[in-house]
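For reference, the structure is listed below as structure tokens.
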Amino acid sequence: MNQGITHGRFITLEGGEGAGKTTALDYLCARLEQAGIRVLRTREPGGTGLGEKVRALLLDPDHTGMHADTELLLMFAARAQHLHEVILPALERGEWVICDRFTDATYAYQGGGRGIDVQRIGLLEDWVQQGMQPDTTLLFDLPVAQGLARAGQRGALDRFEQEQQDFFTRVRDAYLARAAQYPDRFRIVDAGQALEAVQQQLGAIIDGWLEQEQKCSRG
Ligand code: TMP
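The sequence shown runs 21 to 239 under this note's numbering.
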């Protein structure tokens, strides 16, 4: 979190469908906890009682008529609650917050996927986050067809998973554009590789963070 008022770190994981974020999160949190770091694992949309109810509304495939603006506002409504109830207090306690998706997902899905003007997303981002951004964002990138094939094996599809391949191509392109726009914050993980190779990439990133921590604690 880049407001300079806390010691915790805010790390977000992003990527299209079937990118393997859940397995990566298990590995990431376990490695950090082994290193003695207090970790809070959470997700968006969701992460609070209220936010999980909003998530259910957003993912429900029965809501075929949901307007793109409604979808965008619900994402930020859940995010506002999540920030104030969970993320900011944890960072203030010095914990590391590991969040499965955050505002880059809004730029990718509502911006890229649905075609909402990024300036409108930016207005809500400024309003809700007031300049607060993740310290690091890991983008799990893989070819769209490969991700959809993996996601398709998981059973019933939610409202987003039911979109067509061109929607996810726009999502992927928007994510890659965000990564190019903010190269200091983003790390791209090649998620098309086998699990072991993905963990090796993650392991190198985590080692870098732990080295930085040691340097900070030596002062
Ligand atoms: P998940 O499947 O990774 O838990 O995410 C739920 C879905 O919500 C996923 O399809 C991406 C979508 N999403 C958005 O469209 N915009 C957002 O801002 C977030 C956080 C998620």
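The C-beta atom is built at its ideal place from N, Cα and C for all residues, glycine as well.
beta-carbon residue i near the ligand TMP non-hydrogen atom, thresh 6 Å
i    : result
T126 : yes
F180 : yes
R121 : yes
P154 : no
P81  : no
E34  : no
Y129 : yes
P65  : yes
M242 : Outside the displayed range of the chain (21 to 239) lies residue 242, so it cannot be described from this structure.
Residue i in three-state terms, based on DSSP
i    : result
D161 : strand
G24  : Its pLDDT being 42, under 50, G24 is placed unreliably by the model, and the measurement read from it follows with that caveat. Coil at G24, not helix or strand.
T62  : strand
G135 : coil
F96  : helix
I118 : strand
V35  : The sequence shown places Gly at residue 35, not Val. G35: strand per DSSP, three-state reduction.
T126 : helix
T43  : helix
T90  : helix
Rounded separation between residue i and residue j - CA only
i    : j    : result
L33  : I226 : 13 Å
A211 : L177 : 21 Å
Q234 : M152 : 25 Å
Q213 : G56  : 29 Å
F96  : L108 : 16 Å
F180 : L79  : 7 Å
V191 : T157 : 16 Å
Y202 : A194 : 12 Å
Q173 : R238 : 47 Å
D89  : R134 : 10 Å
L94  : L143 : 15 Å
L168 : A44  : 18 Å
T123 : V74  : 16 Å
Q221 : E231 : 16 Å
E145 : H102 : 14 Å
G131 : I141 : 8 Å
G71  : A98  : 5 Å
V164 : I208 : 15 Å
G114 : C236 : 14 Å
Q149 : H104 : 10 Å
From the options, residue whose alpha carbon lies closest to that of residue i
i    : options                   : result
K41  : E53, E64 and R58          : E64
G66  : R58, Q201 and L77         : L77
D186 : G239, E105, V209 and Y129 : Y129
P154 : A50, T62, H104 and V117   : V117
G28  : V164, D82 and C119        : C119
V218 : D204, F160 and I136       : F160
L111 : G38, L60, R207 and G35    : L60
G125 : E115, A199, D82 and A50   : The sequence as given places Ala at residue 125; Gly does not occur at that position. The candidate whose alpha carbon is nearest that of A125 is A199.
G38  : G175, A197 and F206       : G175
R121 : D46, L92 and G35          : G35
request  = Counting only runs of 4+ residues fully inside the region 166–236, write out the alpha helix (DSSP H) ranges in chain order.
outcome  = 185–201
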